[in-house]
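Residue numbers are given in my numbering: position 26 of the sequence shown equals residue 1217, and the series is strictly consecutive. Note that CB positions come from ideal geometry on N, CA and C, so glycine has one too. Please read all numbers here as calculations on a predicted model, not as lab measurements. Worksheet: one structure, shown below.
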Amino acid sequence: MTDILSMTYEKLLDLVTTDLSEKRFRADQIFTWLHQRRVKSFDEMTDLSKPLRDRLSKEAFITYPKIIKKLSSKLDGTIKYLFEMADGERIESVLMRYKTGLSVCLSSEAGCPMGCRFCASAQNGKSRDLTPGEILSQLYSIEDDIGERVSHAVLMGTGEPLDNYENVISFLHIVSDKRGQDMSLRNVTLSTCGIAPNIKRLAGEGLPITLALSLHSPIQSEREKIMPIAKVYPLTDVMEACRYYFEKTKRRVTLEYSLMKGVNDRDVDVEALKKITKDFPCHVNLIPVNPVREASFKAPGHSEVLDFRKKVEKCGINVTIRRELGRDIEGSCGQLRNAPAKNNERKS
Ligand code: SF4
1192 MTDILSMTYE KLLDLVTTDL SEKRFRADQI FTWLHQRRVK SFDEMTDLSK
1242 PLRDRLSKEA FITYPKIIKK LSSKLDGTIK YLFEMADGER IESVLMRYKT
1292 GLSVCLSSEA GCPMGCRFCA SAQNGKSRDL TPGEILSQLY SIEDDIGERV
1342 SHAVLMGTGE PLDNYENVIS FLHIVSDKRG QDMSLRNVTL STCGIAPNIK
1392 RLAGEGLPIT LALSLHSPIQ SEREKIMPIA KVYPLTDVME ACRYYFEKTK
1442 RRVTLEYSLM KGVNDRDVDV EALKKITKDF PCHVNLIPVN PVREASFKAP
1492 GHSEVLDFRK KVEKCGINVT IRRELGRDIE GSCGQLRNAP AKNNERKS
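Here it is as structure tokens:
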């Protein structure tokens, strides 16, 4: 059976014209039903002939995740979703409201193999990659649920997008297709922990997305302690790949920096940050670390965060502090998924 939501328009066209021996315009009709009208069954595609709908039902499937739990912030309208996929795997997505529009944070893998020590998603490793359709259907399910259109997406949920490279690239092609969701790729951010070869590969895809590097420490030996992937791809290689990404795409790279008290908020960290970003047009995004049940990292106090920002600014680095959304709901990625199953049932 073919997972039809995972197919780019070109693949769908091939299925329709080659396997099903139908005219090209049928592919346009099917793509529109799937990605604009969001039907959940082939029977709803009423401008297709009954025999074609029957054949599609036999050869392909449309799958959406189930909402298992939904937490809404009373403070800022953030909504956190726990979804269950067809095989029982659970993933998280978040809807955030900004002045610029609605944004979703999407998961790219069920679990994550990267083992970052401050991250709840890393606790049980990776179960499997998500398909392009499973990444996309998080967005579609959220739009269905809230009845509003989402304009921005960040691949910053559970999983390392560049560890699931082909599926993520297909997702980007489908979500930006003018015949479907038509999301501007300039509104999409992909966050990576630093898989250097795939950062370079991504630079060559011709996709104008924003790259965000989860830096978290500008010192190799310290970074290795909190992010095991740093042992495989050292900081020098990762920064070289980011510079290459900028040169190739002319898109400024964001450096994500989760501030952890006593770990990466010292003067020596500011100095190292200055050194690795020299002559590199980047933007540092400071994020006071979310307390994770499974780890012992603490966020610095508000004045210490402001102080750190001031020191970074003095080095001539473009820096902001990320607005914290959804403080009153379980904040950090992976915490819903890791919660005991008995607490995961949807209340409404
Ligand atoms: S921070 Fe990202 S890459 Fe690291 S373990 Fe968590 S989900 Fe994976």
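With H, G and I counted as helix, E and B as strand and the rest as coil, what does DSSP make of residue 1195? Mapped onto the sequence shown, residue 1195 falls at position 4. In this structure, residue 1195 counts as helix in the three-state DSSP scheme.
What does the Cβ neighbour count give for residue 1537, buried or exposed, with the cut at 16 atoms within 10 Å? Translated into positions along the sequence shown, residue 1537 becomes position 346. Only weak support exists for where residue 1537 lies, its pLDDT of 32 falling under 50; the value from the coordinates is given anyway. Exposed, because fewer than 16 other Cβ atoms sit within 10 Å of the Cβ of residue 1537.
Examine ligand 1 and report whether any of its heavy atoms sits within less than 7 Å of the Cβ of residue 1237. Residue numbering aside, residue 1237 sits at position 46 when the sequence shown is read from its first letter. No, the Cβ of residue 1237 stays beyond 7 Å of every heavy atom of ligand 1.
Taking 7 Å as the cut-off, is the C-beta of residue 1313 nearer than that to any heavy atom in ligand 1? One-based indexing of the sequence shown puts residue 1313 at position 122. Yes, ligand 1 has a heavy atom inside 7 Å of this Cβ.
Give, in chain order, every unbroken run of the alpha helix (DSSP H) that is at least 4 residues long and sits entirely within the segment 1336-1380. The qualifying runs are 1356-1366.
Between the segment 1348-1361 and the segment 1216-1229, can you find at least three pairs of beta-carbon atoms closer than 8 Å? no
Ligand 1 heavy atom lying under 7 Å from the CB of residue 1405: Residue 1405 sits at position 214 when you count from the first residue of the sequence shown. Correct: residue 1405 has its Cβ closer than 7 Å to ligand 1.
Could you tell me the alpha carbon to alpha carbon distance between residue 1196 and residue 1429, rounded to whole angstroms? Start at 1 with the first residue of the sequence shown, and residue 1196 comes out as number 5. Start at 1 with the first residue of the sequence shown, and residue 1429 comes out as number 238. Going by the C-alpha atoms only, they are around 33 Å apart.
Taking the alpha carbon of residue 1512 as the reference point, which residue from 1317, 1496, 1329 and 1418 has its own alpha carbon closest? Your numbering for residue 1512 matches position 321 in the sequence shown. Comparing Cα-Cα distances from residue 1512 to each of 1317, 1496, 1329 and 1418, the minimum goes to 1496.
Going by CA-CA distance only, name the one from 1250, 1200 and 1287 that's closest to residue 1263. Within the sequence shown, residue 1263 is the residue found at index 72, counting from 1. Comparing Cα positions, the closest option is 1287.
Distance cut-off 7 Å: residue 1168 Cβ against heavy atoms of ligand 1: The chain is shown from 1192 up to 1539; residue 1168 falls before or after that span and cannot be answered.
Does residue 1266 pass the burial test, meaning 16 or more other C-beta atoms within 10 Å, or should it be called exposed? Position 75 of the sequence shown, counting from 1, holds the residue named residue 1266. The residue is exposed, with fewer than 16 neighbouring Cβ atoms inside 10 Å.
Using only the alpha-carbon positions, how far apart do residue 1350 and residue 1233 sit? For the purposes of this step, residue 1350 is identified with residue 159 of the sequence shown, where counting begins at 1. For the purposes of this step, residue 1233 is identified with residue 42 of the sequence shown, where counting begins at 1. For residue 1350 and residue 1233, the distance between alpha carbons rounds to 31 Å.
Cβ contact check for the segment 1239-1251 and the segment 1403-1410: 3 or more pairs under 8 Å: no
Answer yes if the segment 1331-1338 comes into contact with the segment 1427-1443, meaning at least three C-beta pairs across the two stretches below 8 Å, and no otherwise. Contact between the segment 1427-1443 and the segment 1331-1338 is absent, because fewer than three Cβ pairs lie under 8 Å.
Provide the residue span of the beta strand (DSSP E) that contains residue 1502, from first to last. Within the sequence shown, numbered from 1, the residue matching residue 1502 stands at position 311. Taken as a continuous stretch (DSSP letters only), residue 1502 belongs to no beta strand (DSSP E), being part of the alpha helix (DSSP H) at 1493-1505.
Straight-line gap, residue 1274 to residue 1505 (C-alpha atoms, nearest Å): Taking the first residue of the sequence shown as 1, we reach residue 1274 at position 83. Taking the first residue of the sequence shown as 1, we reach residue 1505 at position 314. Answer to the nearest angstrom: the Cα atoms are 43 Å apart.
State yes or no: is the C-beta of residue 1209 within less than 8 Å of the C-beta of residue 1250? Counting from 1 along the sequence shown, the entry for residue 1209 is found at position 18. Counting from 1 along the sequence shown, the entry for residue 1250 is found at position 59. Contact check for residue 1209 against residue 1250 fails: the beta carbons are separated by 8 Å or more.
Where residue 1456 sits in the DSSP three-state scheme: For the purposes of this step, residue 1456 is identified with residue 265 of the sequence shown, where counting begins at 1. Correct three-state label for residue 1456: coil.
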